[in-house]
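**Student:** Numbering (this note's numbering), first residue to last: 170 to 409.
From the three backbone atoms N, C-alpha and C, an ideal C-beta is built for every residue, glycine too.
Owing to the predicted nature of the structure, the values given are computational and were not obtained by experimental measurement.
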């Protein structure tokens, strides 16, 4: 929105987001609240569930886990998978937020407040440090993404229709975008190296090396192109 003051037009922009992802605390913290009750030492137990106060957490946690991991249900594994998921989610969020600090006149995201740091009691929560001040993997993931110099990468499906009036014929290409972040007040010379390899054979499909410059106090877009080794799909059923 905007308003006028002393003949000048001033713009007022406000954009806030609240975001988090739950993760179990350290397994030692879980065992602390179980207090030796081995019969309750499984993810769906009454005691375990009583230490999570998020509304609908059972459905949401399992939905995210099943979509991303082939996970197990023993307590150690379940704790670990939720921690990895939380770490990956927060890392992606901070990486993409930093990308939006694009330089003078394009400071679309100017910062983020870490919510929440730690817990006030032993629980499964959005915190990145548990009640006993034991850091979760997400703590280190966030710290890594807030380092002075970082690099980010995003892969996207781009669908192009042959006829804008019809959905029958189209092609889907996978694109890759790579950028870097620099929080210093001076430029930094770097070497960008991108290696694409086949997950089944380990063979290198393509390798790209180039000199790049990280702009001062900004993110810098390095490269955008097609993901090497991917087919151009013409059906949704085709596997990338």
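CA-CA distance, residue 403 and residue 396?
**Tutor:** Sequence index remark: in the chain shown, residue 403 carries index 234 (1-based). Sequence index remark: in the chain shown, residue 396 carries index 227 (1-based). When rounded, the distance between both Cα atoms is 16 Å.
**Student:** Assuming residue 192 and residue 244 form a contact by the criterion Cβ under 8 Å, report the distance between their Cβ atoms to the nearest whole angstrom.
**Tutor:** As a working note, residue 192 is residue 23 in the chain shown. As a working note, residue 244 is residue 75 in the chain shown. The Cβ separation is near 14 Å, so there is no contact.
**Student:** In whole angstroms, what separates the C-alpha of residue 350 from that of residue 385?
**Tutor:** Mapped onto the chain shown, residue 350 falls at position 181. Mapped onto the chain shown, residue 385 falls at position 216. The C-alpha of residue 385 is placed about 9 Å away from the C-alpha of residue 350.
**Student:** Within the continuous alpha helix (DSSP H) that includes residue 229, where are the two ends?
**Tutor:** Stepping through the chain shown from its first residue, residue 229 is reached at position 60. 226-237 is the span of the alpha helix (DSSP H), which, as asked, contains residue 229.
**Student:** Around the Cβ of residue 217, are there at least 16 other Cβ atoms within 10 angstroms (buried) or fewer (exposed)?
**Tutor:** Here the question's residue 217 lines up with position 48 in the chain shown. Burial call: buried.
**Student:** For a quick check, are the C-beta atoms of residue 318 and residue 348 less than 7 Å apart?
**Tutor:** If you number the chain shown from 1, residue 318 lands on position 149. If you number the chain shown from 1, residue 348 lands on position 179. Not a contact, by the Cβ cut-off of 7 Å.
**Student:** How far does the beta strand (DSSP E) with residue 345 in it extend, from its first residue to its last?
**Tutor:** Start at 1 with the first residue of the chain shown, and residue 345 comes out as number 176. Unbroken beta strand (DSSP E) run through residue 345: 339-351.
**Student:** Just the C-alpha distance for residue 285 and residue 356, rounded to the nearest angstrom, thanks.
**Tutor:** Position 116 of the chain shown, counted from the start, is the residue given in the question as residue 285. Position 187 of the chain shown, counted from the start, is the residue given in the question as residue 356. About 33 Å.
**Student:** Give the single residue among 389, 374, 222 whose Cα lies nearest to the Cα of residue 292.
**Tutor:** Position 123 of the chain shown holds residue 292. Measuring from the Cα of residue 292, the nearest candidate turns out to be 222.
**Student:** Compute the beta-carbon to beta-carbon distance between residue 315 and residue 263, rounded to the nearest angstrom, for a pair I have assumed lies under 8 Å.
**Tutor:** Translated into the one-based positions of the chain shown, residue 315 becomes position 146. Translated into the one-based positions of the chain shown, residue 263 becomes position 94. Yes, residue 315 and residue 263 are in contact; Cβ-Cβ is about 6 Å, under 8 Å.
**Student:** Just to confirm, are residue 299 and residue 367 a CB contact at a threshold of 7 Å?
**Tutor:** Walking along the chain shown from the start, residue 299 turns up at place 130. Walking along the chain shown from the start, residue 367 turns up at place 198. No, these two residues do not count as a Cβ contact at 7 Å.
**Student:** Cα separation between residue 275 and residue 207?
**Tutor:** Here residue 275 corresponds to residue number 106 of the chain shown, with the count starting at 1. Here residue 207 corresponds to residue number 38 of the chain shown, with the count starting at 1. If I take the Cα positions, the gap works out to 55 Å.
**Student:** Nearest to residue 248 by alpha carbon, out of 234, 260, 361, 360?
**Tutor:** Locating residue 248 in the chain shown gives position 79, counting from the first residue. The option with the nearest alpha carbon to residue 248 is 234.
**Student:** Please report the straight-line C-alpha distance between residue 377 and residue 388, rounded to a whole angstrom.
**Tutor:** As a first step, residue 377 is located in the chain shown; it is residue number 208 there, counting from the start. As a first step, residue 388 is located in the chain shown; it is residue number 219 there, counting from the start. Straight-line Cα distance between these residues: approximately 20 Å.
**Student:** Run through DSSP, which three-state label would residue 264 get?
**Tutor:** Here residue 264 corresponds to residue number 95 of the chain shown, with the count starting at 1. Three-state DSSP puts residue 264 in a helix.
**Student:** May I have the straight-line CA-CA distance separating residue 372 from residue 344, to the nearest angstrom?
**Tutor:** Position 203 of the chain shown, counted from the start, is the residue given in the question as residue 372. Position 175 of the chain shown, counted from the start, is the residue given in the question as residue 344. Cα-Cα distance, rounded: 20 Å.
**Student:** Grouping DSSP H, G and I as helix and E and B as strand, with all else coil, what is residue 383?
**Tutor:** Your numbering for residue 383 matches position 214 in the chain shown. Looking at residue 383 - three-state DSSP - the assignment turns out to be strand.
**Student:** Suppose you measure from the CA of residue 353 to the CA of residue 394; what does that come to, to the nearest Å?
**Tutor:** The residue labelled residue 353 in the question sits at position 184 within the chain shown. The residue labelled residue 394 in the question sits at position 225 within the chain shown. For residue 353 and residue 394, the distance between alpha carbons rounds to 28 Å.
**Student:** Does the Cβ of residue 273 have 16 or more other Cβ atoms within 10 Å, making it buried, or fewer, making it exposed?
**Tutor:** Looking up residue 273 in the chain shown gives position 104. Flag for residue 273 reads exposed.
**Student:** Relative to the C-alpha of residue 346, which residue among 400, 268, 282, 288 is closest?
**Tutor:** Here residue 346 is taken as the residue at index 177 of the chain shown, counted from 1. Per the Cα distances, 268.
**Student:** Taking buried to mean at least 16 other C-beta atoms within 10 Å of its own C-beta, is residue 168 buried or exposed?
**Tutor:** Past the boundaries of the shown model lies residue 168; the chain is included only from 170 to 409, so the question cannot be answered.
**Student:** Within the continuous alpha helix (DSSP H) that includes residue 289, where are the two ends?
**Tutor:** For the purposes of this step, residue 289 is taken as residue 120 along the chain shown, with counting starting at 1. Segment: none, residue 289 is in no alpha helix (DSSP H) and carries neither H nor E.
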